[in-house]
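Number of protein chains: 2
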Amino acid sequence: MTNSVSVDTKEQILNVAERLFAENGFAGTSLRSVIREADVNLSAVHYHFGSKEELFRAVTARIAKPVVTGQLKRLAQCEAKNSTPSIEAVLEAFITPPLEVILNSGERSIDCARFMGRCRVEPDPIGKIAEQEFQGSKKAYLDAFGRSLPNFSRTELTWKLDLVIATLLRVLTEANKPNALIQNNSPLSIQATVSKLVAFLASGLRS
Amino acid sequence: MTNSVSVDTKEQILNVAERLFAENGFAGTSLRSVIREADVNLSAVHYHFGSKEELFRAVTARIAKPVVTGQLKRLAQCEAKNSTPSIEAVLEAFITPPLEVILNSGERSIDCARFMGRCRVEPDPIGKIAEQEFQGSKKAYLDAFGRSLPNFSRTELTWKLDLVIATLLRVLTEANKPNALIQNNSPLSIQATVSKLVAFLASGLRS
DNA sequence: GTTTTATTAAAACAAACGTTTGATAAAATA
DNA sequence: TATTTTATCAAACGTTTGTTTTAATAAAAC
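If you want it as C-alpha cells, here you go:
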C-alpha cells in the first residue's frame, strides 16, 4: 500500500536498528530490542524486511548507496580535471562522501558514522553483506590508485587500499568520542577531518 | 590439583574459544559450540573460568601479556640507545611484539592473529575488556610519540596512535587472506611486514 | 456492498542460550 | 586410613532467540 503509517513504521525500524547494530553489533542486537525501542510490533520486522539479516542489509544499503554514488561521482570529476590526478586528490574523493553522508543525516549523523564503522568489522557472513553493499566503488579506486602510483604492484595497492578503508572506518567508529578526529558534524569539522586524513594516508601510500 | 587432564581441558577450551571468538565474535560464539569442538563438558567452562565473559578475558590475557611485555621491553631498549629515538624506531618497537607472538604460537598462530584483530573491535563491554588487557603499554608509547614528535598536541598524538593500532589490527585480522600483508608466519615474512607497516605509518605520523 | 489488499497485533513455535545443581570419582592432604 | 579438595559429568533451570501462524483491522478496488 505505501500509506504514511507503514512508511513511518519501516523507517522507525531502520533508524532504531541502525543505532542498535552500531552499538551492539549484529549478533548482539535482538529484534525484540529493536521493536521495543521503535515501538512497533515484532511482525512488522518480518513483514517489511523478511528476516533479521535482510533488515541489516536494508540498513547498510540505505547508507552505502549515497556513499558509493558520491565516491564514483567525485572520482569522475577528479579525473576530468586531470587525467592522472595526485594520490591526494584521489584520496579526498574517496574519503569525503562517507563524511558528507554523516553531515546530511541530521539527528542520525552519529549513528550513521558508528554504523558505517561497525558494519564492516562484523564477522561473516554479515561482514560480507556490508562489503557487498559498499564495494561498488572499490575497483574504480583500485584502478585510480594504480594510475596515481604506477610503481606499485596490484597486491601492494590492494592491501594499501584496505588499510585506507580500515583507517576511515576507525575514524567513523570513534566519532564524537574523546580525542576523536570527528568531534561534531559541522561542515567545517568534516572538511578538517578530510584534510587530516588525506595528509595522514597519502604519504603512507607513497612509501 | 593441576593434573594433566585438567590442564588439557582448560587449554583445550582456551584454544577453541580463541579460534571461535576470532571467527564469529563474542556474541556470535556460543559456549556450546566451544565445548563441542573442544570435546569437553559444558560445566567445565564455568568451573575453570566462571563465565563466558571471564573466558573471553582469559583468552585475551594469554595473548596480551607477552605483547605488552615485549612492547615495554623494546621501547626501553630503544630509548637506551637513543634518548630521543626516531618515530620509525618507536613504531617498530610497538609493532614487532604482536607479530612476534604470532611467530611463537605454533599451530595457533593464525588464530592468535585473528583474535587480536577481532577482540578490540568487539562492542562494549567486551571491547573494553580487551582494551584493558592491552593498555599496559599505551601510555608509555603515547609519551614516546610525544618525544619523537614534539610539535604535535596530545590530542593529535592520541588519535594518531589510535589509527596506528587500527591499522595493525586490520593487518592481523586479514592474516593469510588473499593480498594480505601477513602471508605466512615465517620470521622473514614477519620482518618484511614490520618494515612495510613502519614505512606506511611513519610518514603519516609526521604529517 | 462485496472482495481484495496492506498492515498490525497477539500468540505460539522449536531451538538455543548461559548458568546452576547435585552426583561421582580421583587425587591430595591429614 | 579418613577427610577434604579438585575435576568432571549429565541433567535440568528459566529465559531469550528468530521465525511462523493465525486473527483482527482498515483502507482501496471493484
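From first to last, the protein sequence lines are chains W and X. FYI, the numbering for the first sequence is 1 to 207, going by the working numbering. FYI, the numbering for the second sequence is 1001 to 1207, going by the working numbering. Quick reminder that beta carbons are idealized off the backbone N, C-alpha and C, glycines included.
- Sequence-distant partners of Glu1018 of chain X (beyond 5 residues in either direction) whose C-beta falls short of 6 Å from its own C-beta, in its chain, are Val1059, Asp1111 and Phe1115.
- The beta carbon of Phe200 of chain W falls within 9 Å of a beta carbon belonging to chain X, placing the residue at that interface.
- Within chain X, the residues placing a beta-carbon under 7 Å from that of Ser203 of chain W are Ser1203, Gly1204 and Ser1207, ordered along the chain.
- At a C-beta separation below 9 Å, Thr9 of chain W has no neighbours in chain X, since its nearest C-beta there lies roughly 26 Å away.
- Taking 4 residues as the shortest admissible run, the segment 1168 to 1206 of chain X contains the following complete alpha helix (DSSP H) segments, listed from N- to C-terminal end: 1187 to 1206.
- At a cut-off of 9 Å between beta-carbon atoms, Thr158 of chain W makes contact with chain X.
- Runs of the alpha helix (DSSP H) spanning 4 or more residues and lying entirely within the segment 38 to 126 of chain W occur at 42 to 49, 52 to 81, 87 to 103 and 109 to 119, in chain order.
- Under a criterion of Cβ atoms nearer than 7 Å, the residues of chain X adjacent to Asn179 of chain W are, in order, Thr1155, Thr1158 and Trp1159.
- Secondary structure note for Ala140 of chain W: its alpha helix (DSSP H) is the uninterrupted segment Lys138 to Ser148.
- Judged by beta-carbon spacing, Arg1074 of chain X lies within the 9 Å limit of Pro1097 of chain X, meaning their Cβ atoms are closer than that value.
- Nearest CB-CB separation between Pro123 of chain W and chain X: below the 9 Å threshold.
- Residue burial is scored here from C-beta neighbours: Tyr1141 of chain X has at least 16 other C-beta atoms within 10 angstroms and is therefore classed as buried.
- The straight-line gap separating the alpha-carbon atoms of Gly1050 of chain X and Leu1042 of chain X is approximately 12 Å.
- Annotated three-state conformation of Phe134 of chain W is helix, per DSSP.
- DSSP, read as helix, strand or coil, puts Thr1029 of chain X in coil.
- Residues of the segment 23 to 34 of chain W with a C-beta less than 7 Å from any C-beta of chain X: Glu23, Asn24, Gly25, Ala27 and Gly28, listed in chain order.
- Leaving aside the five residues that flank Asn185 of chain W on each side, the residues in its chain whose CB is nearer than 7 Å to its CB run, in chain order, Ile102, Leu103 and Ser109.
- By the beta-carbon neighbour count (other beta carbons within 10 angstroms, threshold 16), Ser30 of chain W is exposed.
- Within the model, the alpha-carbon separation for Glu53 of chain W versus Ile126 of chain W is close to 8 Å.
- Not one beta carbon of chain X lies nearer than 9 Å to the beta carbon of Leu72 of chain W.
- Listed along chain W, the residues sitting closer than 7 Å to Ala1166 of chain X by beta-carbon distance are Ala166, Thr167 and Arg170.
- Listed along chain W, the residues sitting closer than 8 Å to Glu1174 of chain X by beta-carbon distance are Trp159 and Asp162.
- A straight-line Cα-Cα distance of about 21 Å links Ile190 of chain W and Ser137 of chain W.
- Restricting attention to W:Leu181, W:Leu55 and W:Val68, the CA atom closest to the CA of Leu197 of chain W is found in W:Leu181.
- When the alpha-carbon of Asn176 of chain W is set against those of W:Gly70, W:Ala93, W:Gly117 and W:Ala76, the nearest one is in W:Gly117.
- Taking the Cα positions, Phe1200 of chain X is about 11 Å away from Glu156 of chain W.
- Pairing Ile1087 of chain X with Ile1035 of chain X, the inter-Cα distance amounts to about 45 Å.
- Pairwise C-beta distances place the segment 139 to 153 of chain W out of contact with the segment 1139 to 1154 of chain X, as fewer than three of them are shorter than 8 Å.
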